[in-house]
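I have placed the structure first, in the form of structure tokens, so that the comments after it can refer back to it.
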Amino acid sequence: MSPLTEQELHQLAMNIVGDEMEEMGFEFLSINSKPKKDPQFVALKNGYLHFVVVRAVKYPANPVHYDERLLQKVKDHGVKYKARTYYAGVGLANSRDYSIPVNHNEDYVVNFAGLIEIK
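Numbering (the UniProt record's numbering), first residue to last: 1 to 119.
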């Protein structure tokens, strides 16, 4: 089995977050699927603009922990557009054995606590 690349893990995280946002009623204005090109999602909901930074997080790292300096920078940028800023960390692990990488054609476990607003 071959492990998913960083880009593939990021795409998987983007799909998980995008599906969740769609269910929550967000309307996507722009989507940037390049890792570390932030924010990944710019969306509208209830007349407000939202910036969402997505990160794929490999086990055992905690997906709710984020780079505070980066998120503050994105938030400061969002203030210019009256946007609310969120972090979406998606924890990913191989379901058979958490200590091995997520592989193609194998089940995986998702740890996603939802959108975390940066205040």
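Glycine residues also receive a C-beta, built at the ideal position from the N, C-alpha and C atoms.
Exercise. Grab me the residues of residue 63's own chain with a C-beta within less than 8 Å of its C-beta, minus the 5 sequence neighbours each way, in chain order.
Key: Against the sequence shown, residue 63 aligns to sequence position 63. Excluding sequence neighbours, residue 63 sits near 55, 57, 89, 90, 91, 111, 112 and 113.
Practice problem: For residue 116, collect the residues of the same chain with a Cβ closer than 8 Å to its Cβ; drop the 5 residues on either side in sequence, then sort them by chain order. | Solution: As a working mapping, residue 116 is identified with position 116 in the sequence shown. Correct list, in chain order: 64, 66, 86, 87, 88 and 89.
Quiz prompt | Exposure of residue 43, with buried meaning 16 or more beta-carbon neighbours within 10 Å | solution = The residue labelled residue 43 in the question sits at position 43 within the sequence shown. Buried: at least 16 other Cβ atoms inside 10 Å.
Exercise. Tell me whether residue 96 sits in a helix, a strand or coil according to DSSP, three-state version.
Key: As a working note, residue 96 is residue 96 in the sequence shown. Residue 96: coil per DSSP, three-state reduction.
Quiz item: Is DSSP giving residue 71 helix, strand or coil here?
Solution: The residue given as residue 71 occupies position 71 in the sequence shown. Collapsing the DSSP output to three states places residue 71 in a helix.
Quiz item: What is the residue span of the beta strand (DSSP E) that residue 22 lies within?
Solution: As a first step, residue 22 must be located in the sequence shown, where it is residue number 22. Taken as a continuous stretch (DSSP letters only), residue 22 belongs to no beta strand (DSSP E), being part of the alpha helix (DSSP H) at 6-23.
Quiz item: The beta strand (DSSP E) with residue 27 in it runs from where to where?
Solution: On the sequence shown, residue 27 is found 27 positions in, with the first residue counted as 1. It spans 27-31 - the beta strand (DSSP E) in which residue 27 sits, taken as one unbroken run.
Practice problem: Consult DSSP for residue 109 and reduce its assignment to one of helix, strand or coil. | Solution: Working through the sequence shown from its first residue, we reach residue 109 at position 109. In the three-state DSSP reduction, residue 109 falls in the strand class (E or B).
Quiz item: Who are residue 64's beta bridge partners in DSSP?
Solution: The count along the sequence shown starts at 1 and reaches residue 64 at position 64. Looking at the DSSP assignment, residue 64 forms no beta bridge with any residue, so it has no partner.
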